[in-house]
Each structure stands twice: as C-alpha cells, then as structure tokens.
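Asks: Please find one structure pasted underneath; my questions will follow.
Protein chains in written order, with the numbering used here: chain A, 1092 to 1334; chain B, 1092 to 1334.
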C-alpha cells in the first residue's frame, strides 16, 4: 500500500510512537534501518519503506520520500523501519551458573543500548532493569543495541533488592568504595553484575544488599568511567574467568 | 565584563568555534560545564558565564541568560564555559613498558570521548589518532571525555603504520578474524592496542603491520561490539595483566 498523506492511520500511529506513553499503551515500538529490521524478525507488526528504498526487504507499506523523511528518527535514513511488538520477558527462575546483569537507574539511552549489546555478545542469560532506568524502547536505545534487544531476555521494572533476596547467584556491584577488584572476585558460578546510575552509582540500599562491592582499578587520572565501559569490564571479566 | 550583544567580539568568536575549520585556525575549542572548566585549568584562554550562573568559578566574561542560551551547546547548560587552547602533543619516544592506544578512523564523537576517558582511567601513556578520526575538539567528544582530554597525551594525525615500524612496543589489534583472545596475549611489556573504525574495523594495510590480531570472544548472539567497549576490554586486560 502506498501512503501519501500525513493523516493516514499508519503514519499517525508511527508518529505517536515517539512518546513512551503511546508505546506502552499500544505495546509497540520502532526499529529503524535495514539491519535492525532484519534482526527484528518474529517481533514485527508491520514494516514501512520510503519510495526510494533500495534494500531487499519487502515492506507492508510504502510512503513517499518526503513523508518518510518526516517520520524518520535518523539523520541518514535507509528508508526502512519496522513497527515491533514489545515482548515482556517473565523471569521464571535462574539457570545454573547463570550470568545476569542488573542495571539500577541507568539514564542515558546510548549507555543502555551499549550495555544490552555487550551483555548479548558475552552470552549473558538476562538483564534486570530497575524502575528508574531509561526506556529500552527509546529509538536511540533500540538503535545502539544493534539488534541485541531482540536476542536477550530483558526484565523491566525489577525490584533489584528483592531479586537479590530470591536468587542464589552471587551479586557483585561496581562501586567506587569497593574493597577488591573484579579480578579478585570469583565470577565462575551464578553471578549477577550490578551497575548503577551514571552520576551517582548504585543506591546505598542496593549496596547493602549486594554480596560484594568491587572497584575497577583506575591507576590513571580519571576519577570515574562511563557506565557502559564499567559494565563491559565487569561482564568480560566473567567471560574471561569462564573460558 | 557584561555582554548583551550578539555582535560582541567574544560571542562571535565562541560561535565561530562550532566549526572545526575555525577551531583549527584559532587553535581554540570550547569546554562547557562546571566540571570540565575546572579540569581545563592551565589550558584556558578565557571563561564565559551566564548571568544566572551560581557556581564558584569567577568568569572573565558574563553574558545575559538569553545570549548564553543561544551559544551553549548543551541541553541543560550549567551556565559556564571555557575557551581553551589546543596543545599539540609531540611524541618524543616511547617509555619503558608503555601502554599506548592507537585509533584508526574512529568516527563517533561519543566513542572517541569514551575511549580517551577509559585510556586515562587505565593510566595509559598516550593515544595515537589516525588522520581519519573524528575531531577530538568536537563539543560532544570534549564532553564525553569528562576532562580526560586534559590529562593524557593525544597525538593527532598519526600515520599508524609508520609508527609501528618505529617503536619497539608490541602492537595488538582488535580484529574479527583474530586467531587468539586478548586473554592469551602478553600485554605486560610495551604494548600498543589498536582499535579500528566502528563499521569496518582496521584497514587491511594496518592489520598486516600489527604484531598480533586478537578477537574478543563473543559467546552470545551479537556479531560485533561497540568500538569503545572493545577498546575498554582490551585496555583493561592490559591493566589486569600488569597488576
């Protein structure tokens, strides 16, 4: 179907998905770009291409280029997007020797996407997000996951303190006051790696619940590191120990 | 001095620094925000605050809030910025057991800033940038270094292939076709860690020159990782081995 009018139902729905409120109400979000649309297979409600789109995906709808440009969120649009269905992951119990990531109040959409991508690369078993985290269906987050959003179970709105009471895995939080390094911490058994807010780290309440607080060594002059970098260093120390 | 007019010489100069061309011509760039301005000490040409600025830096100039809002690059400006002098780092020879980072054609300003911050945290001895890298004085890069730009020697416009011919340090490049992992690679002696372009990795020419190509293991479903994450995993493996 070819769409030329901004008042078309599909165009109006896609436009409405810019707002979290509407994404939640409809249970839909947008994945834009050739690669993401391919990764989204099995999650797609429908696809929309621009008239000038030259890729190999057969779209459900086509919009004229001007109209597509208006609804696209990217600077150099590839001319293809998918409207995808959210899928709530339900945590039904831990696996043996699992590796989980728990994020508390991560605010930056790019950091969130990058951590999801790293956890997926590392083969982690799932990601728990506290209520205060940025929306994973934010277009910038979806983009920076590079498709990993569709690969790994993500448990939203988790009470992380409560989670730690109910699982056997050892919880290890990155903390500037940690008393040992990740390299001195056993991550070969079931492990939950906890990363806190970019500016404030993890809350005192969560720090008390964690089994261990670890400090990533910083022999140089920087006083802190990017949250997605801290997550990567912790996650890959677990990968290294498990090799 | 209190500035109210857009045609003021200082305001015009600051505005002109949005463009790389002008930054290079004047040898100046902008560091915005309380923390960055404090880190910039020793590099500052002058500071400008908004009238409503409430911090503890004594500015050289004050602009009315409307005017400051217009020249600010940040969404929630703290009302203080410094115009800083670029300082060219000249590489005068390697240190014993040095740790260097070499970046080839890194394009994303946020990745560039994050890698500089991570290298600084790790206490690396310097960062070499190929000609094709994004400008480190781009406001987004300056911001994401969180001040590390002022801590660590950065050698711009480096011919990395030539560099590798002239130094003794072992060069180790992250590469999807690497034949061993970073964990099987000795980084305790003088080391250059090489990270390539976000989409394409390092060039074939550079891959041939490197002493070793290593692949970060990806046991999960993601096929690649963010460049600043790959850099962090490599850099911190060197930190771990040197502890």
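For glycine and all other residues, C-beta sits at the position ideal for the given N, C-alpha and C.
Under a CB-based cut-off of 8 Å, is residue 1324/B close to chain A?
Replies: The count along the second chain starts at 1 and reaches residue 1324/B at position 233. It does: the Cβ of residue 1324/B has a partner Cβ on chain A nearer than 8 Å.
Asks: Kindly provide the ranges of any alpha helix (DSSP H) runs that are 4 or more residues long and lie completely inside the segment 1099-1128 of chain B, ordered along the chain.
Replies: Counting whole runs of 4 or more residues, the segment 1099-1128 of chain B contains the alpha helix (DSSP H) stretches 1100-1107 and 1111-1117.
Asks: Does the distance between the C-beta of residue 1298/B and the nearest non-hydrogen atom of the ligand NAP fall short of 7 Å?
Replies: Ligands in the displayed structure: none, and consequently the ligand NAP is not present.
Asks: To the nearest angstrom, how far is the alpha carbon of residue 1171/A from that of residue 1128/A?
Replies: Taking the first residue of the first chain as position 1, residue 1171/A is located at position 80. Taking the first residue of the first chain as position 1, residue 1128/A is located at position 37. Near 8 Å, if we compare the C-alpha coordinates of residue 1128/A and residue 1171/A.
Asks: Please confirm whether residue 1309/A has its beta-carbon closer than 8 Å to some beta-carbon of chain B.
Replies: For the purposes of this step, residue 1309/A is identified with residue 218 of the first chain, where counting begins at 1. Answer yes: the Cβ-Cβ gap between residue 1309/A and chain B drops below 8 Å somewhere.
Asks: Taking 8 Å as the CB-CB cut-off, is residue 1187/B touching chain A?
Replies: Position 96 of the second chain, counted from the start, is the residue given in the question as residue 1187/B. So no, residue 1187/B is outside the interface.
Asks: When the distance is taken between beta carbons, is residue 1223/B closer than 8 Å to residue 1196/B?
Replies: Position 105 of the second chain, counted from the start, is the residue given in the question as residue 1196/B. Position 132 of the second chain, counted from the start, is the residue given in the question as residue 1223/B. Yes, the Cβ-Cβ distance between residue 1196/B and residue 1223/B is below 8 Å.
Asks: Can you give me, in chain order, the residues of the segment 1230-1257 of chain A that have a beta carbon less than 8 Å from any beta carbon in chain B?
Replies: Listed in sequence order: 1235, 1237, 1238, 1239, 1242 and 1243.
Asks: Confirm, please, whether the CB-CB distance from residue 1309/A to residue 1273/A is below 8 Å.
Replies: In the first chain, residue 1273/A corresponds to position 182, counting from 1. In the first chain, residue 1309/A corresponds to position 218, counting from 1. Taking 8 Å as the Cβ cut-off, residue 1273/A and residue 1309/A do not qualify as a contacting pair.
Asks: Among 1253/B, 1141/B, 1305/B and 1169/B, which residue has its Cα nearest to the Cα of residue 1156/B?
Replies: Counted from its first residue, the second chain places residue 1156/B at position 65. Of the listed residues, the one whose Cα sits closest to residue 1156/B is 1141/B.
Asks: Can you tell me where the alpha helix (DSSP H) holding residue 1255/A begins and where it ends?
Replies: Stepping through the first chain from its first residue, residue 1255/A is reached at position 164. Here the alpha helix (DSSP H) through residue 1255/A covers 1251-1257.
Asks: Please list, in chain order, the chain B residues whose beta carbon lies closer than 7 Å to that of residue 1107/A.
Replies: Here the question's residue 1107/A lines up with position 16 in the first chain. Per Cβ cutoff of 7 Å: no residues; residue 1107/A is ~24 Å from chain B at best.
Asks: Starting from residue 1135/A, follow its DSSP beta bridges and name the residues at the other end.
Replies: Taking the first chain and counting its residues from 1, the one referred to as residue 1135/A is at position 44. Paired residues: 1175/A.
Asks: Within the segment 1242-1328 of chain B, note down every full beta strand (DSSP E) run reaching 3 residues or more, in order along the chain.
Replies: For the segment 1242-1328 of chain B, whole beta strand (DSSP E) runs of length 3 or above, ordered along the chain, are 1261-1265, 1282-1286 and 1303-1305.
Asks: Return the CA-CA distance between residue 1258/B and residue 1183/B, expressed in angstroms with no decimal places.
Replies: Position 167 of the second chain holds residue 1258/B. Position 92 of the second chain holds residue 1183/B. Rounded to the nearest angstrom, the two C-alpha atoms are 11 Å apart.
Asks: Spell out whether any CB of chain B is found under 8 Å from the CB atom of residue 1334/A.
Replies: Within the first chain, residue 1334/A is the residue found at index 243, counting from 1. Residue 1334/A counts as touching chain B.
Asks: Would you mind giving the Cβ-Cβ distance between residue 1268/A and residue 1304/A, rounded to the nearest angstrom? I have them listed as a contact below 8 Å.
Replies: For this step, residue 1268/A is matched to residue 177 along the first chain. For this step, residue 1304/A is matched to residue 213 along the first chain. Their Cβ separation, rounded to whole angstroms, is 6 Å, which keeps residue 1268/A and residue 1304/A in contact under 8 Å.
Asks: So is residue 1319/A in contact with chain B if we call contact Cβ pairs under 8 Å?
Replies: Taking the first chain and counting its residues from 1, one reaches residue 1319/A at position 228. It does; some Cβ of chain B falls within 8 Å.
Asks: State the Cα-Cα distance for the pair residue 1263/A and residue 1283/A, rounded to the nearest angstrom.
Replies: Residue mapping note: residue 1263/A aligns to position 172 of the first chain, counting from 1. Residue mapping note: residue 1283/A aligns to position 192 of the first chain, counting from 1. When rounded, the distance between both Cα atoms is 6 Å.
Asks: Is residue 1206/B helix, strand or coil when you go by DSSP?
Replies: Within the second chain, numbered from 1, the residue matching residue 1206/B stands at position 115. Three-state DSSP puts residue 1206/B in a helix.
Asks: Nearest chain B C-beta to residue 1282/A closer than 8 Å, yes or no?
Replies: Here residue 1282/A refers to the residue found at position 191 of the first chain. So, not an interface residue.
Asks: Below 8 Å on the Cβ atoms is my guess for residue 1205/A versus residue 1320/B; work out the distance and round it to an integer in Å.
Replies: In the first chain, the residue the question calls residue 1205/A occupies position 114. In the second chain, the residue the question calls residue 1320/B occupies position 229. Right, their Cβ atoms sit about 6 Å apart.
Asks: With respect to the beta strand (DSSP E) encompassing residue 1153/B, which residues constitute its N-terminal and C-terminal limits?
Replies: Residue mapping note: residue 1153/B aligns to position 62 of the second chain, counting from 1. Run containing residue 1153/B: 1152-1154, per the beta strand (DSSP E) assignment.
Asks: What separation, rounded to the nearest whole angstrom, lies between the Cα atoms of residue 1315/A and residue 1192/A?
Replies: Residue numbering aside, residue 1315/A sits at position 224 when the first chain is read from its first letter. Residue numbering aside, residue 1192/A sits at position 101 when the first chain is read from its first letter. One C-alpha to the other measures close to 20 Å.
Asks: Using a Cβ-Cβ distance cut-off of 8 Å, determine whether residue 1264/A contacts chain B.
Replies: In the first chain, the residue the question calls residue 1264/A occupies position 173. Chain B, which has no Cβ nearer than 8 Å to the Cβ of residue 1264/A, makes this no.
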